[in-house]
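Taking it in order: structure first as structure tokens, then the write-up.
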Amino acid sequence: MIRVLIVDDSPTSREYLRHIIASDENLEVAGVAEDGREAVELAEKKRPDVITMDIQMPRMDGYEATRLIMDRCPVPIVVISSSLIPEQVKNTFRAIRAGAVAALEKPRGPGHPESGRMVAKIIQTVKLMSEVRVIRRYSKRQKDEMGKVPHRLPKMADMRLPNIKLVAIGASTGGPPVIRSILSRLDRTFPVPLLFVQHISPGFLQGMTDWLGKETDVSVEIPRHGDLILPGAAYFAPDGYHMGITRKGEIILSKKEPIKGLRPAVSYLFSSVGEAFGAEAMGILLTGMGKDGAPELKMMRDKGALTIAQDKESSVVHGMPGEAIKLGAAKHIFSSEEIASFLVRMKDKI
6 MIRVLIVDDS PTSREYLRHI IASDENLEVA GVAEDGREAV ELAEKKRPDV
56 ITMDIQMPRM DGYEATRLIM DRCPVPIVVI SSSLIPEQVK NTFRAIRAGA
106 VAALEKPRGP GHPESGRMVA KIIQTVKLMS EVRVIRRYSK RQKDEMGKVP
156 HRLPKMADMR LPNIKLVAIG ASTGGPPVIR SILSRLDRTF PVPLLFVQHI
206 SPGFLQGMTD WLGKETDVSV EIPRHGDLIL PGAAYFAPDG YHMGITRKGE
256 IILSKKEPIK GLRPAVSYLF SSVGEAFGAE AMGILLTGMG KDGAPELKMM
306 RDKGALTIAQ DKESSVVHGM PGEAIKLGAA KHIFSSEEIA SFLVRMKDKI
């Protein structure tokens, strides 16, 4: 059984989450906390397999509780918060930086048309995140490791790089902190645009891009149809739209049917980039559940693109990059830190 600690200051929300957890035979409620301070105490006492964490709470909010738990007794934390209140969305991504592994929108009541989907997503995410290996954040060892040249990186002086015009990146579960770590190593002088599809609960995208814009020196944007992409900028597919690109560098936004339930889909982006730029593109598939983008990364590689998949050790979930590796889609397999270092080191080679 997967033991879940529920943290929420609302009695109604606590009871509903308790009902959701109890509805699955593989889950059980290990404890319930009314605020962040109690959450820290129960996390140390109960040692749950996973925690669902509200953000806005009295005495101690979800961000501070996440930070303390990840320092004292690391456990997978799934933030379940409102996507309608900007301050809560902002603090959600602060919690992710502190070590939370996923963020979901608070479920609507049983009568809401989206209720079934949201409940299923919570159960699926809690189960999956319970298997994630988490570590203490910001340890001295981690800080000492930052900035070291990863040993697996090819020597840039020995590499012959194609004339890369843009970088396309896909991510799902565990993606936001990895994307932050990559963009924090770059700036607006990066010579090509970066296009992203990040699977994220509806309503959180604007908060994520605002967070990334403040945390990094890259221009972070949610584009409109027809926008011309520019070097040194990161473009994220909007909620509910597939994103592609023309050979002229113009954004394509499409309301075509979801691909295997996903819109935006990494597969749409990679297909579009592969068709438009071929060997002049780079494709990177980061942490995430499922297989989205893996076959299309193989297509990009077959067209001569430089392709990278994140390794298992640094992935929260190795579904998408793992599938790409199985298909032979990745020319390189790197950790998240190695991917960032690779982009930094290749900057002068593009």
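Heads up: the sequence shown at position 240 corresponds to 245 in this note's numbering, and the numbers run straight through without jumps. The beta carbon of each residue, even a glycine, is placed where N, CA and C say it ideally should be. The model shown is predicted, which means the values in this text are computed figures rather than measured ones.
Which one or two residues does DSSP pair with residue i in a beta bridge?
i, result
"Val322", "Note: Val322 sits in no beta bridge, so no partner."
"Leu32", "Ile7"
"Asp76", "Paired residue(s): none; Asp76 is not in a bridge."
"Asp222", "Asp192"
"Glu255", "Leu233"
"Gln315", "Phe339"
"Gly175", "Val202 and Leu290"
"Tyr240", "Leu200 and Glu226"
"Leu109", "Ile85"
"Val94", "According to DSSP, Val94 bridges with nothing at all."
"Ala38", "Val12"
Mapping DSSP to helix, strand and coil, what is residue i?
i, result
"Phe282", "helix"
"Arg8", "strand"
"Gly309", "coil"
"Met246", "Contrary to the premise, residue 246 reads as Tyr rather than Met in this sequence. The answer is coil: DSSP assigns Tyr246 none of H, G, I, E or B."
"Phe195", "coil"
"Ile227", "coil"
"Leu302", "helix"
"Gln129", "helix"
"His337", "strand"
"Ile85", "strand"
"Ser120", "helix"
"Met58", "strand"
"Ile264", "strand"
"Gly288", "strand"
"Val137", "coil"
"Ala270", "coil"
"Phe347", "helix"
"Lys51", "helix"
"Met65", "coil"
What residues in its chain sit with their C-beta under 8 angstroms from that of residue i, if we drop five residues either side in the sequence?
i, result
"Ile313", "Met287, Gly288, Ile289, Leu290, Ala335, Lys336, His337, Ile338, Phe339, Ile344 and Phe347"
"Pro91", "Gly212"
"Glu262", "Arg268"
"Phe195", "Val223, Pro236, Gly237, Leu348 and Lys352"
"Arg190", "Ala345, Ser346, Leu348 and Val349"
"His230", "Ile256, Ile257 and Leu258"
"Leu210", "Gln203, Ile227, Phe241, Pro243 and Asp244"
"Glu119", "Arg113"
Using 8 angstroms for Cβ pairs, my map puts residue i next to residue j. What's the rounded Cβ distance?
i, j, result
"Ser135", "Pro63", "28 angstroms between Cβ atoms; not a contact."
"Val94", "Thr57", "With a Cβ gap of about 17 angstroms, Val94 and Thr57 do not count as contacting."
"Ser186", "Ser320", "Actually they do not touch by this definition, with Cβ atoms about 13 angstroms apart."
"Val139", "Pro79", "4 angstroms"
"Leu89", "Gly208", "7 angstroms"
Residues in its own chain within less than 6 angstroms of residue i by CB, not counting five upstream and five downstream?
i, result
"Leu199", "Val172 and Ala239"
"Ile85", "Thr57, Leu109 and Lys111"
"Ser87", "Gln93 and Lys111"
"His323", "Lys317"
"Tyr21", "none"
"Asn96", "Ile60 and Tyr68"
"His204", "Ser177"
"Trp216", "Phe98"
Beta-carbon separation of residue i and residue j under 7 angstroms?
i, j, result
"Ser272", "Asp244", "no"
"Pro228", "Ile256", "yes"
"Ile169", "Val197", "yes"
"Arg19", "Ile11", "yes"
"Gly441", "Thr292", "One cannot answer for residue 441 here, as it falls past the ends of the chain, which runs 6 to 355."
"Pro269", "Val202", "yes"
"Gly309", "Ala329", "no"
"Met75", "Arg42", "no"
"Ser177", "Met294", "yes"
"Asp59", "Asp13", "yes"
"Ala107", "Ala70", "no"
"Thr221", "Leu274", "no"
"Arg99", "Tyr68", "yes"
"Ile7", "Leu32", "yes"
"Arg72", "Ala103", "yes"
"Ile128", "Asp29", "yes"
"Val83", "Thr17", "no"
Going along the chain, which residues of its own chain have a beta-carbon closer than 7 angstroms to the beta-carbon of residue i, five neighbours each way excluded?
i, result
"Leu332", "Ala299, Pro300 and Lys303"
"Gly254", "Leu233 and Ile234"
"Val34", "Val9, Ile11, Arg23, Ile26 and Ala27"
"Ala281", "Ile250, Thr251 and Arg252"
"Gly218", "Val225"
"Glu39", "Asp14"
"Met193", "Here residue 193 is Arg; the residue named in the question, Met, does not match the sequence. The answer, listed in chain order, is Asp222, Val223, Ser224 and Gly237."
"Met123", "Glu110, Pro112 and Arg113"
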